[in-house]
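J.: Residue numbers (the numbering used here): 208 to 366. Got a structure for you, written out below as C-alpha cells; questions coming shortly.
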Amino acid sequence: MKRQLVERELTTEGPRRGAIKGGANPRRTVTVNIAESPLAWLHARGHLDDRLFDAGEALRGDYERAQLSASITMRWDPVRMKSTGERGLAPSEKQIAARQRFDGAIKAAGRGLEDILWRVVCAGEALPEAEKTLGWPARSGKLVLRIALERVAEFYRIT
C-alpha cells in the first residue's frame, strides 16, 4: 500500500484537516497516512487482532468485488470462456457470488452491528466519525465493531 503522509494540526477534537502551520501561537501537528484504512489503523495499533483484521478485509474485498459502491460507467468485459472453477466465471457471476457472500456476512453480524461495520470497513469512515453519525457515545464503536468482526470471522471461517 502506498503511503500518503500529510501534516494535520492537533485540536482538542483531534487532527484538523487542512490546518495551516504558523501564526502567532505555535501549533502542534501530527503526520497522518491518509491512504491507510480505518481498519488497518486499528490493527496497526493493536486494537484488532489478525483474525478480526482478516475478517474485515474479506468483507471489504467482497464489497468491492460485488461493486456495491456507486458506479458511473458501464462495464465492457469480454464474454465468458469455457473453463472450470471460479476463474471460469463471467464477471457478472463473480459479482453475484461476492454479493451473496457480502450479504451473508452482514446478516451474520446481526442487527444493529451492520451500520458500524459497513461505515468503517466498507466506506472507510473513521471510527469517531461513524460514532458521531450514528449518535453513539465516544469510544463505544470500537467494542461494537469488534463484536461485529467476530461474527464476520465466524461467517468466513477465519481462524
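Quick reminder that beta carbons are idealized off the backbone N, C-alpha and C, glycines included.
Going by beta-carbon coordinates alone, are THR236 and ARG252 separated by less than 8 angstroms?
T.: No, Cβ-Cβ distance for THR236 and ARG252 is not below 8 angstroms.
J.: What whole-angstrom Cβ distance do ALA312 and ASP257 have, given they're in contact under 8 angstroms?
T.: About 18 angstroms separates the two Cβ atoms, so there is no contact after all.
J.: With distances taken between CB atoms, is the gap from LYS301 to ARG267 smaller than 8 angstroms?
T.: Not in contact: LYS301 and ARG267 (Cβ atoms no closer than 8 angstroms).
J.: For a test of the three-state rule: what should DSSP assign to LEU275, helix, strand or coil?
T.: LEU275 falls in the coil class under three-state DSSP.
J.: Consult DSSP for ARG215 and reduce its assignment to one of helix, strand or coil.
T.: If DSSP states are grouped into helix, strand and coil, ARG215 belongs with the strands.
J.: Would the beta-carbon of ARG358 fall within 8 angstroms of that of GLY317?
T.: Yes, these two residues count as a Cβ contact at 8 angstroms.
J.: Just reading off the alpha helix (DSSP H) that THR340 is part of, what are its end residues?
T.: Start and end: 334-341.
J.: Among LEU255, ASP322 and GLY263, whose alpha-carbon lies nearest the alpha-carbon of THR340?
T.: Answer by Cα proximity: ASP322.
J.: What are the boundary residues of the alpha helix (DSSP H) that includes VAL328?
T.: It is not in any alpha helix (DSSP H) - VAL328 carries neither H nor E in the DSSP assignment.
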